[in-house]
Amino acid sequence: MSALHFSRTITRQALFKCRGFHWSSIQQIKVGETAPSATVMLKSPGETTTILEHFKRFNKAILISVPGAFTPSCTSTHVPSFVKLSEELKAKGVDEVACISVNDTFVMSAWGEKLQVEGKVTLLSDPSAEASKALGLAFDIPPLGGTRAKRAVIIFKNGVAEKVIEEPDNTTLTITHADHVIKEL
């Protein structure tokens with residue numbers, strides 16, 4: 026077998042195994058790094074901030090990164106776990122819990138109403154995935170519309186990453202659930 030044929034075979038096998046999920050080559054934020062200055066939207070397209078501006082204001086803050094608003098795990102379990110434990114998180118010194126998703130502000134607002142996040146979780150809209158890419162948390166899922174945010178949690182202290190927790194396959198919910206994250210504080 027020639028080296029070229031071997032290389033093509035390995036590449037095809039790797040592509041087959043990932044089943045259309047393509048991971049970002051952008052470097053993920055690391056512990057000790059400052060949050061990026063990528064823009065996100067709050068409650069409307071005209072109300073913007075950057076990841077850095079938002080998180081540097083808080084002594085301790087949590088950023089939840091989810092693949093999409095209204096997706097099954099994000100809606101039924103992931104974000105609700107942080108809403109449910111919001112008082113316990115505050116008791117552990119968490120000043121802010123925010124959730125980022127590659128969705129527009131209108132979808133995020135409707136999702137927030139459904140999940141009753143007001144005063145518990147701030148929703149950050151990242152419609153072009155600019156912030157997710159800057160955090161190194163973007164990946165492509167063509168069957169679900171393209172670029173999405175990986176399922177992850179970043180704990181920030183005054184805008185500097187203290188801990189980065191990423192689900193091994195980007196979408197399942199095991200180590201980024203609030204029950205696990207609260208143990209990491």
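Residues 26 to 210 (the numbering used here) are what the sequence shown spells out, left to right. We put the beta carbon where it would ideally sit given N, CA and C, even for glycine. Small disclaimer: the values here were computed from a predicted structure and weren't measured.
K182 lies in the alpha helix (DSSP H); which residues open and close that run?
As a first step, residue 182 is located in the sequence shown; it is residue number 157 there, counting from the start. It is not in any alpha helix (DSSP H) - K182 instead sits in the beta strand (DSSP E) that spans 177 to 182.
Could you check whether the region 110 to 119 touches the region 72 to 79, counting it as contact only if at least three pairs of C-beta atoms, one from each stretch, sit closer than 8 Å?
Judged by Cβ distances under 8 Å, the region 110 to 119 makes no contact with the region 72 to 79, as fewer than three pairs qualify.
Helix, strand or coil at E143 according to DSSP, with G and I counted as helix:
In the sequence shown, the residue the question calls residue 143 occupies position 118. Correct three-state label for E143: coil.
Three-state secondary structure (DSSP) of F83:
The sequence position of residue 83 within the sequence shown is 58, counting from 1. Residue state, collapsed to three classes: coil.
Are E191 and I180 touching if we call contact CB-CB under 8 Å?
For this step, residue 191 is matched to residue 166 along the sequence shown. For this step, residue 180 is matched to residue 155 along the sequence shown. Not in contact: E191 and I180 (Cβ atoms no closer than 8 Å).
Let me make sure I understand the geometry here. Which of T196, N128, S150 has the alpha-carbon closest to that of T64?
By one-based count along the sequence shown, residue 64 stands at place 39. Nearest of T196, N128, S150 to T64, Cα basis: S150.
Integer Cβ distance of A60 from G184, believed to fall under 8 Å:
For the purposes of this step, residue 60 is taken as residue 35 along the sequence shown, with counting starting at 1. For the purposes of this step, residue 184 is taken as residue 159 along the sequence shown, with counting starting at 1. Right, their Cβ atoms sit about 5 Å apart.
Length at least 3, wholly inside the region 107 to 174: the beta strand (DSSP E) runs in chain order:
Given a length threshold of 3 residues, each whole run of the beta strand (DSSP E) inside the region 107 to 174 is given here in chain order: 121 to 126, 147 to 150, 163 to 166, 171 to 174.
C-alpha gap between I200 and L88, whole angstroms:
Here the question's residue 200 lines up with position 175 in the sequence shown. Here the question's residue 88 lines up with position 63 in the sequence shown. Roughly 14 Å separates the two Cα atoms.
If I follow the unbroken alpha helix (DSSP H) through V206, where does it start and stop?
Reading the sequence shown from its first residue, position 181 is the one you call residue 206. That run of the alpha helix (DSSP H) goes 203 to 209.
Checking the sheet assignment: what are the DSSP bridge partners for E191?
Taking the sequence shown and counting its residues from 1, the one referred to as residue 191 is at position 166. Note: E191 sits in a beta bridge opposite A177.
Looking at the C-beta of P105, does it have a partner C-beta in chain C at a distance below 8 Å?
You won't find chain C in this structure, because it holds only one protein chain.
DSSP three-state label for S62, please.
The count along the sequence shown starts at 1 and reaches residue 62 at position 37. In the structure shown, S62 sits in coil (DSSP, three-state: anything other than H, G, I, E or B).
Other residues of its chain near A212: CB distance less than 6 Å, five sequence neighbours each side excluded
What the structure shows of the chain is the stretch from 26 to 210, and residue 212 is not part of that stretch, so it cannot be assessed.
Given that a residue counts as buried once 16 or more other Cβ atoms are within 10 Å of its Cβ, and exposed if not, what is N195?
Start at 1 with the first residue of the sequence shown, and residue 195 comes out as number 170. Label assigned to N195: buried.
Between V178, A163, P193, which has its C-alpha nearest K208's C-alpha?
The residue labelled residue 208 in the question sits at position 183 within the sequence shown. Ranking V178, A163, P193 by Cα distance to K208 puts V178 first.
Relative to the C-alpha of T130, which residue among L169, P167, A203, A94 is closest?
Locating residue 130 in the sequence shown gives position 105, counting from the first residue. Of the candidates L169, P167, A203, A94, the one whose C-alpha sits nearest the C-alpha of T130 is A94.
Helix, strand or coil, according to DSSP, for L198 in the structure here?
What you label residue 198 is simply residue 173 of the sequence shown in a count that begins at 1. Reduced to three states, the DSSP call for L198 is coil.
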